[in-house]
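Each remark here refers to the structure printed beneath this line.
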Amino acid sequence: MKATFHAGVHKFALFVVAWAVFLLCAGALVTSEDAALAVPDWPLSYGSITPPMVGGIAFEHSHRVIAAILGLFVVILSVVLWRKDDRPWVKWLGVAAVGGVILQGVLGGLTVLKLLHYWLPVMHACLAQIMFATLVSIAVVTSRWWVSDRPQYEDRASPAIHTVVMLNAGAIFLQIALGAAFRHKYSPVTPHVVWAMGVLLVASWTAIQLRKRFSNSPEISRIRALLHGIVGVQLLLGIGALWTRLRSVDDPQPLPPVIITTVVHTVFGAVLFAVSILVVLFCYRLVPRRREVVVVTTRDEVPA
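Using my numbering, you'd call the opening residue of the sequence shown number 135 and step up by one each time.
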């Protein structure tokens, strides 16, 4: 189907992504400050929309307000996609984002009401990563780059590159889940540390496969370099977060070095997972699956 670029839609999608990063920072601060139960009720905060903004209440209530605003933005984005975009799958991706943000809000509320039990904080943290990656995906598929003519590359190797990059994204998501389990005291740190080496190996293998198969693609080369670079930075951030935590294990409350390194590591993890999904999108956009027929398009017939 012919796709049309709408600059306003794309710019708003980018704005929503930026707001989601803001929310990720706020959520990470709530956990780092042990403020998740500072407000015992939900959806109001101490029965009010304007509770006293002191101590942990300020962190938790601010997190809720930022999340509510993101929910409003996602609804608006979905409506705009439904009205402006001609591709049914993009319309439904917007609807899925609305459903996800509603589910995320409910999970956040249950996390408070159930006093952090039943693995709810871990599910809440993992869904946050999925939602962020979804919003990044919407920003990508509404871009001029996506709807413009792009060169197509054939993949003859095995396993198919689409399988390789999906495995890479799955490995990174598993690491995020292990990190969330540790952060919320459902698991020791060991699985998270050990699987970090697994992620490094899988990401390196993925980067090697991308370079070997598509060295003539500047677009795939750039996204490959971005993936590898962020994996390296995230590994260093993880070491820093663990080191500051071990040095302050006897402190009565989290100190600024622990909070800063942990928040940055957590948010960068979301960025890493989103980049892994970008790699998947790039491969599906530029490398036809083997059962598909590659068709040379003209400028007047742009693939969706």
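For every residue, glycine included, the Cβ atom is placed at its ideal position computed from N, Cα and C.
query, result
"Skipping 5 residues on each side, what residues in its chain have a beta carbon closer than 8 Å to that of residue 144?", "273, 276, 277 and 278"
"What residue from 402, 165 and 397 has the CA that sits closest to residue 360's CA?", "402"
"What does the Cβ neighbour count give for residue 300, buried or exposed, with the cut at 16 atoms within 10 Å?", "buried"
"Does DSSP put residue 410 in a helix, in a strand, or in coil?", "helix"
"What is the DSSP secondary structure of residue 355, reduced to helix, strand or coil?", "helix"
"Out of curiosity, what's the CA-to-CA distance linking residue 436 and residue 202?", "Its pLDDT being 44, under 50, residue 436 is placed unreliably in this model, and the value from its coordinates should be taken loosely. Those two C-alpha atoms are separated by around 37 Å."
"For the pair the region 292 to 311 and the region 407 to 424, tell me if three or more CB-CB distances fall below 8 Å.", "yes"
"Along the chain, where does the alpha helix (DSSP H) containing residue 423 start, and where does it finish?", "Run containing residue 423: none; DSSP gives neither H nor E here."
"According to DSSP, simplified to helix, strand and coil, what is residue 271?", "helix"
"Is the region 208 to 218 in contact with the region 173 to 193, if contact means three or more CB pairs nearer than 8 Å?", "no"
"To the nearest angstrom, how far is it from the Cα of residue 193 to the Cα of residue 372?", "23 Å"
"Exposed or buried, what is residue 312 when buried is set at 16 or more other beta-carbons lying within 10 Å of its beta-carbon?", "buried"
"Taking the alpha carbon of residue 189 as the point to measure from, which residue in 138, 163 and 177 has its own alpha carbon closest?", "163"
"Alpha carbon to alpha carbon, how far is residue 355 from residue 267? Give it in angstroms, no decimals.", "21 Å"
"Assuming residue 229 and residue 205 make a contact with CB atoms under 8 Å, what is their CB distance in whole Å?", "That belief does not hold up - the Cβ atoms of residue 229 and residue 205 are roughly 14 Å apart, past 8 Å."
"To the nearest angstrom, how far is the alpha carbon of residue 386 from that of residue 407?", "33 Å"
"Tell me whether residue 282 sits in a helix, a strand or coil according to DSSP, three-state version.", "coil"
"Grouping DSSP H, G and I as helix and E and B as strand, with all else coil, what is residue 166?", "helix"
"Can you say whether residue 399 is buried or exposed, counting buried as having 16 or more other CB atoms within 10 angstroms of its CB?", "buried"
"Leaving out five residues before and five after residue 253 in sequence, what residues of the same chain have Cβ atoms less than 7 Å from its Cβ?", "320"
"Runs of 4 residues minimum, wholly inside the region 362 to 403: which ones carry the alpha helix (DSSP H) assignment?", "none"
"If I measure Cβ to Cβ from residue 191 and keep anything under 8 Å in the same chain, skipping five residues before and after, which residues do I get?", "169, 172, 173, 179, 180 and 185"
"For residue 338, name the three-state secondary structure that DSSP assigns.", "helix"
"Find out if the Cβ-Cβ distance for the pair residue 409, residue 342 is shorter than 7 Å.", "no"
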